[in-house]
Amino acid sequence: MPADDSTLPRILTPVALSPENFKPYGDVIQTAGKDFHYINNRQVARYHDLAEVDTLEEGGKPGISLFVAQPYAYPMRIAEMERHPLSSQAFIPLQGRPFLIVVAEPGETVRPEALRAFISDGTQGVNYHRAVWHHMLLAMDEPATFVVVDRIGSGPNCDICAMNDGEETVMLTLSD
């Protein structure tokens, strides 16, 4: 007897990250295809203004942190998503390791069918725009360190949305 489709999980497979496909959610931080100018006696190529840092709401200020993400076992169930209603949040990989990104456009909650998944090639970072739903950092095969640029300040700046609360289950997989 065939399985009831309503009980099967929704499968979410990442696609290659690009500025075009990530635009509804934020900025891709990369040098590929970007304009630059030389500084320091032409010894350094400066790729300027790759993402908009948005942290000043309610007296916030920009801060730089390091996050070390542990790898997950895939496939994995998407259990919750988070958003930052007062600021953007950028993640820039330091070790050149690919990582996964799961996002949904701003809204009061996250619908399973709205989730999108991307894979960074390890040279690309992301900057989530204000209020974009995103999964916590998703390292792949080994721990990965990221520079994080986000808001430092008081005020509620992290909302959590539990997934699967009466909704269908979403499984993130690395392949079809």
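Numbering (numbering that gives the first Met the number 0), first residue to last: 0 to 175. Glycine is no exception: its CB is placed at the ideal position from the N, C-alpha and C atoms. Just so you know, these numbers come straight off a predicted model, no measurement behind them.
Candidates Arg150, Ile118, Leu49, of which the one nearest threonine 172 by Cα: Ile118
One or two residues paired with glutamate 81 in a DSSP bridge: His133, Ile159
The region 45-58 / the region 136-152 touching (three or more Cβ pairs under 8 Å): yes
Contact between the region 29-44 and the region 62-70 (3+ Cβ pairs under 8 Å): no
Short Cβ contact (8 Å threshold) for alanine 15 with asparagine 126: no
Backbone CA spacing between lysine 142 and threonine 12 [nearest angstrom]: Here residue 142 turns out to be proline, not lysine, going by the sequence shown. If I take the Cα positions, the gap works out to 21 Å.
Rounded distance between the beta-carbons of glutamate 104 and proline 23, thought under 8 Å: 6 Å
Helix, strand or coil at phenylalanine 66 according to DSSP, with G and I counted as helix: strand
Collapsed DSSP secondary structure at proline 61 in the structure displayed: strand
Which residues DSSP lists as bridging tyrosine 71, in chain order: Paired residues: none, contrary to the question.
Whole-angstrom distance between methionine 135 and arginine 82, CA atom to CA atom: 10 Å
Classification of alanine 44 by the beta-carbon crowding that lies within 10 angstroms, buried from 16 upward: exposed
Rounded C-alpha distance that separates methionine 170 from arginine 115: 12 Å
Span of the beta strand (DSSP E), counted from its first residue to its last, around proline 92: 88-92
Whole-number beta carbon distance between glycine 121 and proline 219, since they are thought to touch under 8 Å: A question about residue 219 goes unanswered here, because the residues of the chain that appear run from 0 up to 175.
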